[in-house]
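Peer 1: Protein chains in written order, with the numbering used here: chain A, 18 to 308; chain B, 8 to 399. Beta carbons are placed, not taken as given, at the ideal position from N, Cα and C, and that holds for glycine. I am attaching a structure below and will ask some questions about it afterwards.
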């Protein structure tokens, strides 16, 4: 089954380097444009999820058989940090809503409520490849006919202070950081040729499997671009010489999803291949066409 | 999940590490005994220390409580399941792993942060182990499980969702085997959070009982191996299931039971069976006043004639995101033994609920069994198991 990318939308913000920036943008004024009701006491992770999903589903309406899939590298990290500080430094029991918001699927609750969704509502993660994990789930459900459409989002927030956030990300305080909420609406491709499709999303066991995966393609490499962060020399050698997508993104766990959104809404290339190396495994995606 | 499809997901390996022990037979014997020995844990980090009832993992090797030992409990459950399923080391490399947990490694993060603060580290970092991948990485490095990993975090339905997706992947031919793991390890965030929400019982759990006043948290690790099998072999199969979203409230199901009923009906449809085919139900049964209200209302809407039903959390504690795997493993182990386990803690019928769980073990034969799981964030899941007698 061909999977059509029917729509895409996002919220993204460059934050600059941790040693130069000490606050993040207040998102509350932006929420009114995408929310049917005023949600009180929601955390930043949920705010990002509402913004990104709202920008993807522009009229705010989806069929009842739409599955919701949210992923993230760090989840609701700022809230979890606050809870640990409250307990271990202030010696206070966390407040009920603060505790509930440490559960990353709280964001899914609010997105479902905002869009009127009642079908499956999954939160799934994978260390280096959160988007790939969510897409593997969504495409399984689409192929089986369990859902008619899939709304897939990857959300990662920056937590304050940013120098601590940089440490969790394993980067220096001088590295530009970012946060983002990137969303795709997927559905089975109909009889007409869709403008953009998700052609593949796979997890490959090793470099040999990565080479074999690349060998399946015989289209002109001129039309193809790729995006990869920090792949090792053996993996780079396994990949054909493709033009690299210059996504101009700061560092955050959902970076690959940001690159996908930039490709889909851009003008460069006719295919995008992404490669994420993770503990000797490779998570790959292939998008064909653009929105 | 389509009834009668040729590829079915058979449950062929189980592992359990809970407050009842670290071997499957110990766990089965413990759940048949009924009421557990609740422990008291004092949360003395707060200005006003709090005592809470608790059911920690009981390990026969007296393992400690920090990272290596606690992840070792996960490893033990996984090794038991893989061993029973006959999964060779070479097959592990490509086997997908579906993990469900509410808290993943948050306890280890807390310990590192607390140690750094105690040592006077001016740069002590809260949540140093960010993300969800620690358990998965442990299984990859220490147990050779290097296939695609899916880390579910949908509160108390986490590993139930993991089980449903793994079964779907097998039925769809995406894999021939899959490992499902539920993990809930002790941590202060969860204990204090539930305490702050006033959801914890004073002493013990009394599911669906008139005197119910809350839940007891438990540690637990459950592992389940699924394999593709044809429809004509005997065994225990995932016959169907459903996962749905209830947007009534972030912390409770709609008390009218409508969304719970909807997910149960969807599960029946997915298994291709009518309501009267259900031989028994494993209820979620948190013994919290509102959740038992909603669950009882949902069951009564679906079942005009209520089949026998049991609740297991009063025996092992609420293992939160792990309960999909732990409680499924308990039910499968019991079904293999031809019994339905008893419900501990129930004594007084509540006529407002209108339901009465089984308090004694009873024979269980071939047929369909419904397992229900509900969680924060409006996440509801219902799993249908089918036991088919082996030809021998």
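Answer with buried or exposed for residue 299 (chain B), where buried requires no fewer than 16 other C-beta atoms within 10 angstroms of its C-beta.
Peer 2: Here the question's residue 299 (chain B) lines up with position 292 in the second chain. Answer is buried; the Cβ neighbour count reaches 16.
Peer 1: Applying a beta-carbon distance threshold of less than 7 Å, which residues of chain B neighbour residue 113 (chain A)?
Peer 2: Against the first chain, residue 113 (chain A) aligns to sequence position 96. The contacting residues are 203, 204.
Peer 1: Can you have a look at residue 18 (chain A) and say buried or exposed, based on whether 16 or more other CB atoms are within 10 angstroms of its CB?
Peer 2: Your numbering for residue 18 (chain A) matches position 1 in the first chain. Classification of residue 18 (chain A): exposed, given that the 10 Å Cβ count is below 16.
Peer 1: From the DSSP output, in three-state form, read off residue 6 (chain B) for me.
Peer 2: Since the displayed chain B opens at 8 and closes at 399, residue 6 (chain B) lies outside it and no answer follows.
Peer 1: Helix, strand or coil, according to DSSP, for residue 177 (chain B) in the structure here?
Peer 2: As a first step, residue 177 (chain B) is located in the second chain; it is residue number 170 there, counting from the start. Helix.
Peer 1: Report the rounded CA-to-CA distance for residue 183 (chain A) versus residue 83 (chain B), giving the unit in angstroms.
Peer 2: Position 166 of the first chain, counted from the first residue, corresponds to residue 183 (chain A). Position 76 of the second chain, counted from the first residue, corresponds to residue 83 (chain B). Each residue's alpha carbon lies about 35 Å from the other.
Peer 1: Does DSSP put residue 269 (chain B) in a helix, a strand or coil?
Peer 2: Counting from 1 along the second chain, the entry for residue 269 (chain B) is found at position 262. DSSP places residue 269 (chain B) in helix when its eight states are reduced to three.
Peer 1: Between the alpha carbons of residue 234 (chain A) and residue 298 (chain A), how many angstroms are there, rounded?
Peer 2: Translated into the one-based positions of the first chain, residue 234 (chain A) becomes position 217. Translated into the one-based positions of the first chain, residue 298 (chain A) becomes position 281. Rounded to the nearest angstrom, the two C-alpha atoms are 20 Å apart.
Peer 1: Suppose the cutoff is 8 Å on Cβ atoms and the five residues either side in sequence are ignored; what does the same chain contact list for residue 73 (chain B) look like?
Peer 2: In the second chain, the residue the question calls residue 73 (chain B) occupies position 66. Note that residue 73 (chain B) scores 43 on pLDDT, short of 50, meaning its location in the model is unreliable and no value can be drawn from it.
Peer 1: Give every residue of the same chain whose Cβ lies closer than 7 Å to the Cβ of residue 314 (chain B), excluding the five residues on either side of it in the sequence, and list them in chain order.
Peer 2: Start at 1 with the first residue of the second chain, and residue 314 (chain B) comes out as number 307. Closer than 7 Å at the Cβ level, and outside the excluded window around residue 314 (chain B), lie 285, 286, 287, 288.
Peer 1: Chain B partners of residue 154 (chain A), CB-CB under 8 Å?
Peer 2: Translated into positions along the first chain, residue 154 (chain A) becomes position 137. Neighbours of residue 154 (chain A) on chain B, chain order: 157, 172.
Peer 1: Which value, in whole angstroms, describes the spacing of the CA atoms of residue 63 (chain B) and residue 262 (chain B)?
Peer 2: For the purposes of this step, residue 63 (chain B) is taken as residue 56 along the second chain, with counting starting at 1. For the purposes of this step, residue 262 (chain B) is taken as residue 255 along the second chain, with counting starting at 1. Looking at the two C-alpha atoms, the distance is approximately 31 Å.
Peer 1: Are the beta-carbon atoms of residue 353 (chain B) and residue 364 (chain B) separated by less than 7 Å?
Peer 2: As a first step, residue 353 (chain B) is located in the second chain; it is residue number 346 there, counting from the start. As a first step, residue 364 (chain B) is located in the second chain; it is residue number 357 there, counting from the start. In contact: residue 353 (chain B) and residue 364 (chain B) (Cβ atoms closer than 7 Å).
Peer 1: Taking C-beta pairs closer than 8 Å, name the residues in chain B that residue 121 (chain A) reaches, listed in chain order.
Peer 2: The residue labelled residue 121 (chain A) in the question sits at position 104 within the first chain. Under the 8 Å cutoff, chain B gives 160.
Peer 1: Would you mind reading off the limits of the alpha helix (DSSP H) that contains residue 106 (chain A)?
Peer 2: On the first chain, residue 106 (chain A) is found 89 positions in, with the first residue counted as 1. That residue, residue 106 (chain A), is in no alpha helix (DSSP H); it is neither H nor E in DSSP.
Peer 1: Considering just the uninterrupted stretch of the alpha helix (DSSP H) at residue 5 (chain B), what are its terminal residues?
Peer 2: Past the edges of chain B, shown from 8 to 399, lies residue 5 (chain B), and the structure says nothing about it.
Peer 1: Contact defined as beta carbons within less than 8 Å: I believe residue 95 (chain B) pairs with residue 244 (chain B). What is the distance between those atoms, to the nearest angstrom?
Peer 2: The sequence position of residue 95 (chain B) within the second chain is 88, counting from 1. The sequence position of residue 244 (chain B) within the second chain is 237, counting from 1. Incorrect: roughly 23 Å between the Cβ atoms, too far for contact.
Peer 1: With a threshold of 6 Å on Cβ separation, who are the neighbours of residue 230 (chain B) within its own chain once the five nearest residues in sequence on each side are excluded?
Peer 2: Locating residue 230 (chain B) in the second chain gives position 223, counting from the first residue. Cβ within range, chain order: 22, 84, 85, 88, 188.
Peer 1: Express the C-alpha separation of residue 191 (chain B) and residue 71 (chain B) in angstroms, rounding to a whole number.
Peer 2: If you number the second chain from 1, residue 71 (chain B) lands on position 64. If you number the second chain from 1, residue 191 (chain B) lands on position 184. Residue confidence for residue 71 (chain B) is low, a pLDDT of 45 falling below 50, so the modelled location carries little weight; the figure read from the coordinates is stated next. In a straight line, the C-alpha of residue 71 (chain B) is about 16 Å away from that of residue 191 (chain B).
Peer 1: Is the number of C-beta pairs between the region 285-297 of chain A and the region 176-195 of chain A that are closer than 8 Å three or more?
Peer 2: At 8 Å Cβ cutoff, the stretches do not touch.
Peer 1: Report back the beta-carbon spacing between residue 384 (chain B) and residue 280 (chain B) to the nearest angstrom; my notes put them in contact at under 8 Å.
Peer 2: For this step, residue 384 (chain B) is matched to residue 377 along the second chain. For this step, residue 280 (chain B) is matched to residue 273 along the second chain. That pair is no contact at about 28 Å.
Peer 1: Which first and last residues belong to the alpha helix (DSSP H) in which residue 157 (chain B) is found?
Peer 2: Taking the first residue of the second chain as 1, we reach residue 157 (chain B) at position 150. Segment 156-159 is the beta strand (DSSP E) holding residue 157 (chain B); no alpha helix (DSSP H) there.
Peer 1: Assuming residue 333 (chain B) contacts residue 378 (chain B) (C-beta within less than 8 Å), just tell me the rounded distance between them.
Peer 2: Taking the first residue of the second chain as 1, we reach residue 333 (chain B) at position 326. Taking the first residue of the second chain as 1, we reach residue 378 (chain B) at position 371. Their Cβ separation, rounded to whole angstroms, is 11 Å, which puts residue 333 (chain B) and residue 378 (chain B) out of contact at 8 Å.
Peer 1: Cβ of residue 101 (chain A) less than 7 Å from any chain B Cβ?
Peer 2: Indexing the first chain from 1 puts residue 101 (chain A) at position 84. For residue 101 (chain A), the answer is yes, since a Cβ of chain B falls inside 7 Å of its Cβ.
Peer 1: Sort B:246, B:140, B:121, B:43 by Cα distance to residue 107 (chain A) and report the nearest one.
Peer 2: Taking the first residue of the first chain as position 1, residue 107 (chain A) is located at position 90. Among B:246, B:140, B:121, B:43, the Cα nearest to that of residue 107 (chain A) is on B:121.
Peer 1: Round the Cβ separation of residue 171 (chain A) and residue 70 (chain A) to the nearest angstrom and send it over; I've been treating them as touching at under 8 Å.
Peer 2: Along the first chain, one-based indexing puts residue 171 (chain A) at 154. Along the first chain, one-based indexing puts residue 70 (chain A) at 53. At roughly 11 Å, the Cβ-Cβ gap does not stay under 8 Å, so residue 171 (chain A) and residue 70 (chain A) are not in contact.
Peer 1: Assign residue 26 (chain B) to one of two classes, buried (16 or more other C-beta atoms within 10 Å of its C-beta) or exposed (fewer than that).
Peer 2: The residue you call residue 26 (chain B) lines up with position 19 of the second chain. Buried, by the Cβ-count rule.
Peer 1: What first and last residue would you give for the alpha helix (DSSP H) that runs through residue 200 (chain B)?
Peer 2: Reading the second chain from its first residue, position 193 is the one you call residue 200 (chain B). Its alpha helix (DSSP H) spans residues 195-203.
Peer 1: List the whole-angstrom C-beta distance separating residue 304 (chain A) from residue 206 (chain A), where the pair is believed to meet the contact cut-off of C-beta under 8 Å.
Peer 2: By one-based count along the first chain, residue 304 (chain A) stands at place 287. By one-based count along the first chain, residue 206 (chain A) stands at place 189. That pair is no contact at about 13 Å.
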